[in-house]
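1 is the number of the first residue of the sequence shown in the working numbering; add one for each residue after it. Note that CB positions come from ideal geometry on N, CA and C, so glycine has one too. These figures come from a predicted structure and were not determined experimentally. All remarks here apply to the structure that follows.
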Amino acid sequence: MFADLNAFIAALDSERELARIGEPVSPDLEICAVTDRVSKSPGGGPALLFERPAGFDMPVAINLFGSMKRMCMALGVSRLDDLAAEIETLATPKIPSGMIDALKMLPTVNRLRDLMPRTVTSAPCQEVVRKNGTLDEIPILTCWPEDGGRYITLPLVFTKDPETGTRNIGTYRMQVFDGRTTGMHWQRHKGGAQHYRVAERLGQRMPVAVALGPDPVLAYAATAPMPEGLDELMLAGFLRRERVDLVKCVTVDLEVPANAQIVLEGYVEPGERRREGPFGDHTGFYSHPDDYPVFHLTCITQRKSPIYLTTVVGVPPMEDYYLGQASARIFLPLIRKTLPEIVDMHFPAAGIFHNLVIVSIDKRYPGHARKIMNAFWGLGQLMFSKTIVVVDRDVDVQNEAEVAWIVGTHIDPERDIQFTRGPMDDLEDASNLPAYGSKMGIDATRKWPSEGFTRPWPARIRTSPEAQRRAEEIWGRIRQGWQA
Ligand SMILES: Cc1cc2nc3c(=O)[nH]c(=O)nc-3n(C[C@H](O)[C@H](O)[C@H](O)COP(=O)(O)O)c2cc1C
Ligand SMILES: [Mn+2]
Numbered sequence: 001m002f003a004d005l006n007a008f009i010a011a012l013d014s015e016r017e018l019a020r021i022g023e024p025v026s027p028d029l030e031i032c033a034v035t036d037r038v039s040k041s042p043g044g045g046p047a048l049l050f051e052r053p054a055g056f057d058m059p060v061a062i063n064l065f066g067s068m069k070r071m072c073m074a075l076g077v078s079r080l081d082d083l084a085a086e087i088e089t090l091a092t093p094k095i096p097s098g099m100i101d102a103l104k105m106l107p108t109v110n111r112l113r114d115l116m117p118r119t120v121t122s123a124p125c126q127e128v129v130r131k132n133g134t135l136d137e138i139p140i141l142t143c144w145p146e147d148g149g150r151y152i153t154l155p156l157v158f159t160k161d162p163e164t165g166t167r168n169i170g171t172y173r174m175q176v177f178d179g180r181t182t183g184m185h186w187q188r189h190k191g192g193a194q195h196y197r198v199a200e201r202l203g204q205r206m207p208v209a210v211a212l213g214p215d216p217v218l219a220y221a222a223t224a225p226m227p228e229g230l231d232e233l234m235l236a237g238f239l240r241r242e243r244v245d246l247v248k249c250v251t252v253d254l255e256v257p258a259n260a261q262i263v264l265e266g267y268v269e270p271g272e273r274r275r276e277g278p279f280g281d282h283t284g285f286y287s288h289p290d291d292y293p294v295f296h297l298t299c300i301t302q303r304k305s306p307i308y309l310t311t312v313v314g315v316p317p318m319e320d321y322y323l324g325q326a327s328a329r330i331f332l333p334l335i336r337k338t339l340p341e342i343v344d345m346h347f348p349a350a351g352i353f354h355n356l357v358i359v360s361i362d363k364r365y366p367g368h369a370r371k372i373m374n375a376f377w378g379l380g381q382l383m384f385s386k387t388i389v390v391v392d393r394d395v396d397v398q399n400e401a402e403v404a405w406i407v408g409t410h411i412d413p414e415r416d417i418q419f420t421r422g423p424m425d426d427l428e429d430a431s432n433l434p435a436y437g438s439k440m441g442i443d444a445t446r447k448w449p450s451e452g453f454t455r456p457w458p459a460r461i462r463t464s465p466e467a468q469r470r471a472e473e474i475w476g477r478i479r480q481g482w483q484a
């Protein structure tokens, strides 16, 4: 696994997955425009290292996670489903039946140890301590023309519950107000916002530390939909197969990853809000300005020659799509622990995660599709799912064209669409009220007589296995002659 961002960038370089841009490119719109253009090329294009962002000494690394291949490299696997298998073993430990069995479990036990971070006393992220440092020295991007300003787009925001001390890490964008203050865009449903709610109830200032550019696993883990109260560092330690090294901050009572490029230490005050936005968001539209808490910087610590790791969001697909795919694969085995009937699930890029989720199930009883919809609407960040499509197990949910065909042929809309109301993602623009609106489930499974459907269900057209074999053979010859 990669010890830090530098090691990941070196690996991307040797795999020819990185494009270095030596000419000056402005952090003002230009870097975003180039990245957007690259993201829209087949497969997501290469990772980008802007070596000379105009006006700064610090290189900008972007689109590092922006392809399936690089997302897998970041997490040290060749396929994301390999992780699912590992998580499955961890979540379903076998009781050893003898000595040999017990020894076989040692790797699993070691991986449990990796869940706990370890504190170190000297750290690369503290090579330089700048108590009077300002954000003006970092090439923070202005992404889109109508944006309210410059935004830190891939920060790892560390907080602790002021009452219980439980840690949370989340990726929440930060709008630069001036060299020492930013917005803190944790949405109301997120871990950071909950800690702040407690701090406000207690009337206390809350310390916040922001790590920029840790190793790639940690950067991913901060975006993962971990259940509230579960430390993202556990997930990171497990995925890295190595504990996360933390170091105490210099000016606040928090710990941050020792391998980060830059750390912003500071705090948020109870009761303080400031207008944040607009921001060209991952919905593909500008999100409306709104009032959010304010982050006050107390100190910058950093490496001697840091790289600024960032991302841009916009009209899909962009880099965040691949981060989301990683979560979909990693969390599927965990969701299956309570919903074992789920076969597969898919979040199409155009559905920007919360607008569309497609689930295939092993249908076992009448109304089963609706049970899955209701379960998702009550499960962590899946509660935001505006449209849930449920299909039978023989449908490939990763094949969006097949799903469109099945939905079209399998539904009687009046009968098969389920509406409900509930919390919406803060980025939802179509609901009458912010963060509250309606959702739709589409039951595109085959309907059963026990569900009131008494007509015969038509059989899907498929040829015989023998004829299929002949077809493959002959098509092979046709194709050869045809392409010659
Ligand atoms: C690039 C990127 C930017 C994000 N920006 C925000 C943001 O500004 N505010 C927010 O609440 N969530 C944002 N998210 C989503 C959260 O990181 C995600 O919901 C995460 O699971 C939250 O963790 P938490 O449950 O610990 O709060 C962003 C995700 C990505 C990948
Ligand atoms: Mn969390």
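Proximity test, residue i beta-carbon vs ligand 1 heavy atom, cut-off 6 Å
i: Trp186; result: yes
i: Gly380; result: no
i: Leu12; result: no
i: Leu323; result: yes
i: Thr311; result: yes
i: Pro225; result: yes
i: Arg173; result: yes
i: Asp231; result: no
i: Asp320; result: yes
Helix, strand or coil at residue i [DSSP, three-state]
i: Arg470; result: helix
i: Pro53; result: strand
i: Asn6; result: helix
i: Leu48; result: strand
i: Val250; result: coil
i: Arg70; result: helix
i: Thr110; result: Here residue 110 turns out to be Asn, not Thr, going by the sequence shown. DSSP places Asn110 in helix when its eight states are reduced to three.
i: Leu194; result: Sequence inspection shows Gln at residue 194; the Leu mentioned does not correspond to that position. Three-state result, Gln194: helix.
i: His282; result: coil
i: Thr35; result: helix
i: Asp392; result: strand
i: Tyr267; result: strand
i: Arg274; result: strand
i: Glu319; result: helix
i: Leu141; result: strand
i: Ala61; result: strand
i: Ile95; result: coil
i: Glu255; result: strand
i: Met206; result: strand
i: Ile21; result: strand
Any non-hydrogen atom of ligand 2 within 6 Å of residue i CB
i: Met116; result: no
i: Arg168; result: Note that residue 168 is Asn in the sequence shown, not Arg. Checking the Cβ of Asn168 against ligand 2 gives yes.
i: Gly191; result: yes
i: Met1; result: no
Among the options, the one whose alpha carbon lies nearest that of residue i
i: Asp215; options: Thr463, Trp475, Thr142, Ala74; result: Ala74
i: Met440; options: Gly229, Pro423, Pro434; result: Pro423
i: Arg205; options: Val256, Arg240, Leu297; result: Leu297
i: Asp320; options: Asp136, Leu106, Met1, Met71; result: Met71
i: Met406; options: Ala61, Glu30, Ile442; result: For clarity, residue 406 is Ile in the given sequence; the question names Met instead. If we check each option's Cα against that of Ile406, Ile442 comes out closest.
i: Pro227; options: Pro155, Gly378, Val217, Ala102; result: Gly378
i: Val343; options: Leu332, Ala349, Gly351, Phe353; result: Leu332
i: Val403; options: Val359, His368, Met373; result: Val359
i: Asp57; options: Val389, Ile138, Pro155, His195; result: Ile138
i: Ser41; options: Gly66, Val313, Asp28; result: Gly66
i: Thr89; options: Leu106, Met99, Asn399, Gly76; result: Leu106
i: Ile411; options: Ser385, Trp457, Gln381; result: Trp457
i: Gln418; options: Val389, Gly408, Leu239, Pro434; result: Val389
i: Thr301; options: Ala375, Tyr220, Ala211; result: Ala211
i: Ser450; options: His368, Ala459, Gly476, Trp475; result: His368
i: Thr283; options: Asp253, Ala350, Ser327; result: Ala350
i: Arg79; options: Glu414, Gln325, Val312, Phe376; result: Gln325
i: Arg455; options: Lys69, Lys447, Arg370; result: Lys447
Residue i beta carbon near ligand 3 (any heavy atom closer than 6 Å)
i: Pro293; result: Among the ligands modelled here, namely ligand 1 and ligand 2, ligand 3 does not occur.
For the region 174 to 187 and the region 94 to 107, state whether three or more C-beta atom pairs, one from each stretch, are separated by less than 8 Å. no
Can you confirm whether the region 36 to 55 touches the region 19 to 28 when touching is taken to mean that 3 or more C-beta pairs between the two stretches lie within less than 8 Å? yes
Pairing CB atoms from the region 358 to 372 with CB atoms from the region 264 to 272, are three or more of them under 8 Å? no
Contact the region 394 to 406 vs the region 248 to 255: 3+ CB pairs below 8 Å: no
Kindly provide the ranges of any beta strand (DSSP E) runs that are 3 or more residues long and lie completely inside the region 327 to 390, ordered along the chain. 342 to 346, 357 to 361
Is the number of C-beta pairs between the region 224 to 243 and the region 305 to 314 that are closer than 8 Å three or more? no
Curious, which full-length alpha helix (DSSP H) runs of at least 4 residues does the region 403 to 445 contain? 413 to 416
Any chance the region 194 to 208 sits against the region 118 to 137, with 3 or more Cβ pairs inside 8 Å? no
For the region 177 to 191 and the region 139 to 157, state whether three or more C-beta atom pairs, one from each stretch, are separated by less than 8 Å. yes
Within the region 121 to 187, ranges of the alpha helix (DSSP H) (whole runs, at least 4 residues): none
Is the number of C-beta pairs between the region 281 to 298 and the region 24 to 36 that are closer than 8 Å three or more? no
Contact between the region 252 to 268 and the region 141 to 148 (3+ Cβ pairs under 8 Å): no
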